[in-house]
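Those sequence lines, one after another, are chains V and S.
Using this note's numbering, the first residue of the first sequence is number 0, and each one after it goes up by one.
Using this note's numbering, the first residue of the second sequence is number 138, and each one after it goes up by one.
Data first, discussion second: the structure below is written as structure tokens.
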Amino acid sequence: EVQLVESGGVVVQPGGSLRLSCAASGFTFDDYAMHWVRQAPGKGLEWVSLITWDGGSTYYADSVKGRFTISRDNSKNSLDLQMNSLRVEDTALYYCACLDGGGFYIYWGQGTLVTVSS
Amino acid sequence: QSVLTQPPSVSEAPGQRVTISCTGGSFNIGAGYDVHWYQQVPGTAPKLLIYGNINRPSGVPDRFSGSKSGTSASLAITGLQAEDEADYYCQSYDSSLSGSVFGSGTKVTVL
Chain V
0 EVQLVESGGV
10 VVQPGGSLRL
20 SCAASGFTFD
30 DYAMHWVRQA
40 PGKGLEWVSL
50 ITWDGGSTYY
60 ADSVKGRFTI
70 SRDNSKNSLD
80 LQMNSLRVED
90 TALYYCACLD
100 GGGFYIYWGQ
110 GTLVTVSS
Chain S
138 QSVLTQPPSV
148 SEAPGQRVTI
158 SCTGGSFNIG
168 AGYDVHWYQQ
178 VPGTAPKLLI
188 YGNINRPSGV
198 PDRFSGSKSG
208 TSASLAITGL
218 QAEDEADYYC
228 QSYDSSLSGS
238 VFGSGTKVTV
248 L
């Protein structure tokens, strides 16, 4: 059974830092690019970041560029998102998702909630 | 503000047909990138509904169908059922952003 399990979401103050993790199982992790997608409360889906299968390339949405860093460890089937200089508008449910070669998200986690508030 | 535009809501009686549009631009749908659709029931993760513009994953009823033309795509639901009440999102790739883009989302209500 495929599983993506996110963790690390907490309440943090503006300007603070946080590291999210995603543990993958049930599929060949290093066959796929991995993404983070977020959803603010009551809002739509927003792409955040992606990392290629080998970790060789990373890309970010303009809203998080320079503040967030995506990384992966294929030996541990894990994906991370280091989030610095957090803002109130970063408050969201953060999903890790697996991108099929066809460009669609084939697997999703259940999300971890990040709340940025003073 | 989402790169791909969808109507905020659509509603119809059970058994009827609804369509949801997804309008993009020259760096995403208009550039030839595929459009994919997801269904999200509140409180759950999105579920893949249509991939590659027109294809249904195993287990998705054939009441759901997708199409694409120019800078737009559409999702149609025929024989609407109560269980189809959910939020629906389109998704594609945008070459100017080097990443995925999502639609603004459409809430489907079964009257």
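Yeah, the Cβ is synthetic: ideal placement off N, Cα and C, and Gly gets one too.
{"Query": "Go ahead and pull the three-state DSSP assignment for residue 79 of chain V.", "Result": "strand"}
{"Query": "List, in chain order, every chain S residue whose beta-carbon is nearer than 8 Å to that of residue 103 of chain V.", "Result": "171, 173, 185, 188, 189, 228"}
{"Query": "Rounded to whole angstroms, what's the CA-CA distance from residue 157 of chain S to residue 144 of chain S? Just pull it up for me.", "Result": "7 Å"}
{"Query": "Would you grab the beta carbon distance between residue 236 of chain S and residue 46 of chain V for me? Rounded to a whole angstrom, and I think it's under 8 Å.", "Result": "5 Å"}
{"Query": "Starting from residue 24 of chain V and walking both ways along the beta strand (DSSP E), at which residues does that stretch end?", "Result": "17–24"}
{"Query": "Consider the Cβ of residue 238 of chain S: report whether some Cβ of chain V lies at a distance smaller than 8 Å.", "Result": "yes"}
{"Query": "Of all Cβ atoms in chain S, is any one closer than 8 Å to the Cβ of residue 88 of chain V?", "Result": "no"}
{"Query": "Pull up the DSSP beta-bridge partners for residue 187 of chain S, would you.", "Result": "S/174"}
{"Query": "If you count every other CB in all the chains shown that lies within 10 Å of the CB of residue 5 of chain V, and 16 or more means buried, which is it?", "Result": "buried"}
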